[in-house]
Amino acid sequence: MIDFHLNGVGKEQDSQHQKELSLLNDRLKLAKGLNPIIEKLKCFQVAIPSWALGTGGTRFGRFPGGGEPSTIVQKIEDVALLHRLNKSSGAISLHFPWDKVENMQELTEIATSHGISFDAVNSNTFQDQIDQPYSYKYGSLCHTDKEVRKLAIDHNKEVIALGDRLGSKALTVWLSDGSIFPGQQDFKSALSRTLDSLNEIYEKLPEDWTLLLEYKPFEPNFYSMVIPDWGTSFMLVSELGEKAKTLVDLGHHLPNTNIEQIVSTLLFGNKLGGFHFNDSKYGDDDLTVGSLKPYQMFLIFCELVKGMNEDPKLDLAWMIDASHNLKDPLEDLIQSVEAINIAYAQALIVDYESLAFYQNQNDATKCQEILQEAFRTDVRPIVREARLQQDGAFDPLRSFRELKVRESLIASRGTHSKATGL
Ligand SMILES: [Mn+2]
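Residue numbers for the sequence shown follow this note's numbering, beginning at 420 and rising by one.
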């Protein structure tokens, strides 16, 4: 792993930071000061997906930069590097079979040595692997052929077993299953077969694990998806049992969908399991979090904060699921994690008591004022303070560039290294 030293905070820089923090403290006038918010931010960790550390691509092409991690060990090293800078990326989410290695024990040791844990493990039945005896061309867990379904079920069971050895506590299932043409698939039969297959997987889930079920309205199937929306996922996880929850991927909605309301509804039904953060203009664009719709992110976090206030034991899986086609993947991830922390901090300073009061008065004007007062507050000094208290970087992106991290990675890995995955 490349080594670098984070420069301490300069005197001038620190005094400016303290000034900003103190102004914020005076302005917000929170009963308990800024510390409870800083502590919450320090505990907040967002998992980095192993598939997002290399350059992504579209079906038209891929334009990789250099120094990409070509092994899972290098991917763990990249996450460790991010975590050293921002202190909020202490976990990695693996994808099988892409990340499978002979010596899984070694992975645990390497991750532990870097202070990185393993978040949810992901199965893959959306593409065929070499030497696979049956094809997923017409679906996996929903397939009409029992043998294909068995292959997909067995793969998910294997992913649970692999994750168990790593200390993971959740399996994320996203299915590309669906149909391209009207009449191609009987909706009810496909859904029924999917539920039966999921039940078989659920039976193998260890007691302290969660099965996270994603949904997506279209792509790669364009006429129908077997699990197109949160309602279908909610129905399936409710059928499966207590350990099954719905996972919200922000890019898996039709344009203009009210995602914050979905979050609230899932919390009401006690079935919200986790998040895949990204941003988008049209569909599953997988852009940098907060690059397009920071207000939506803030509104989503307001629902989450309310949920966490009501149930302090609420345990959600936080992950980024993005594709970095243009920017340096590590820079993109630094920006995404920062945007998530900012949205969370903004949601933490909302005056929910006043909001509830004016909601009961049906005073829409005051409700908007209360929300936007928080959204328009620059909370970056609080996010920075949380990072500094854990010896993270003053400004992770600036450190990444000044320390020439990418240049060092290119020097050690070369310009043509290629990350596994899509
Ligand atoms: Mn996802």
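Each residue gets a CB set at the ideal place from its N, CA and C atoms; glycine is no exception.
Using a threshold of 7 Å, is the CB atom of residue i nearer than that to any non-hydrogen atom of ligand 1?
i: residue 633; result: yes
i: residue 747; result: no
i: residue 704; result: no
i: residue 668; result: yes
i: residue 533; result: no
i: residue 514; result: no
i: residue 743; result: no
i: residue 695; result: yes
i: residue 470; result: no
i: residue 737; result: no
i: residue 649; result: no
i: residue 740; result: yes
i: residue 593; result: yes
Helix or strand or just coil, what does DSSP make of residue i?
i: residue 560; result: coil
i: residue 552; result: coil
i: residue 474; result: coil
i: residue 664; result: strand
i: residue 843; result: There is no way to answer for residue 843, as the model of the chain reaches only from 420 to 841.
i: residue 541; result: strand
i: residue 482; result: coil
i: residue 753; result: helix
i: residue 592; result: strand
i: residue 467; result: strand
i: residue 688; result: coil
i: residue 784; result: helix
i: residue 510; result: strand
i: residue 654; result: helix
i: residue 643; result: strand
Near residue i, what residues of its chain come up, given a Cβ to Cβ distance below 7 Å and the 5 sequence neighbours on each side ignored?
i: residue 719; result: 678, 679 and 682
i: residue 818; result: 425, 504 and 812
i: residue 659; result: 617, 618, 621 and 630
Please work out which residues of its chain come closer than 8 Å, Cβ to Cβ, to residue i, disregarding the five sequence neighbours upstream and downstream, and give them in chain order.
i: residue 613; result: 560, 561, 594, 596, 645, 646 and 655
i: residue 543; result: 514, 515, 516, 517 and 574
i: residue 547; result: 554, 555 and 556
i: residue 765; result: 717, 720, 793, 794, 796 and 798
i: residue 807; result: 428, 436 and 813
i: residue 457; result: 801, 804, 805 and 808
i: residue 545; result: 555, 559, 593, 594, 595 and 639
Against chain D, with Cβ distances strictly below 8 Å, would residue i count as a contact?
i: residue 709; result: Chain labels in this structure do not include chain D; a single protein chain is all it has.
For residue i, is the classification buried or exposed, using 16 other Cβ atoms within 10 angstroms of its Cβ as the cut-off for buried?
i: residue 673; result: exposed
i: residue 365; result: This structure does not reach residue 365, given that the chain is present from 420 up to 841, and the question cannot be answered.
i: residue 604; result: buried
i: residue 431; result: exposed
i: residue 488; result: buried
i: residue 735; result: buried
i: residue 481; result: exposed
i: residue 642; result: exposed
i: residue 633; result: buried
i: residue 665; result: buried
i: residue 579; result: buried
i: residue 621; result: buried
i: residue 478; result: exposed
i: residue 493; result: buried
Output needed for residue i: all residues of its chain with C-beta closer than 6 Å, excluding positions within five of it in sequence on either side, in chain order.
i: residue 624; result: 630 and 662
i: residue 609; result: 561 and 645
i: residue 741; result: 471, 697 and 705
(message) When you compare the segment 768-782 with the segment 517-536, are there three or more beta-carbon pairs, one atom per stretch, that lie closer than 8 Å?
(response) no
(request) Indicate whether the contact test is met: 3 or more Cβ pairs, each with one atom in the segment 700-712 and one in the segment 436-445, closer than 8 Å. (result) no
(request) Would you check if there are 3 or more beta carbon pairs closer than 8 Å linking the segment 776-796 to the segment 448-460? (result) no
(message) Would you call the segment 468-475 in contact with the segment 737-748, where contact means no fewer than 3 C-beta pairs closer than 8 Å?
(response) As far as the Cβ criterion goes, the segment 468-475 touches the segment 737-748, which means the pair count is three or higher.
(message) Measuring CB atoms only, is the segment 460-472 touching the segment 811-828, in the sense that at least three cross pairs come out at less than 8 Å?
(response) no
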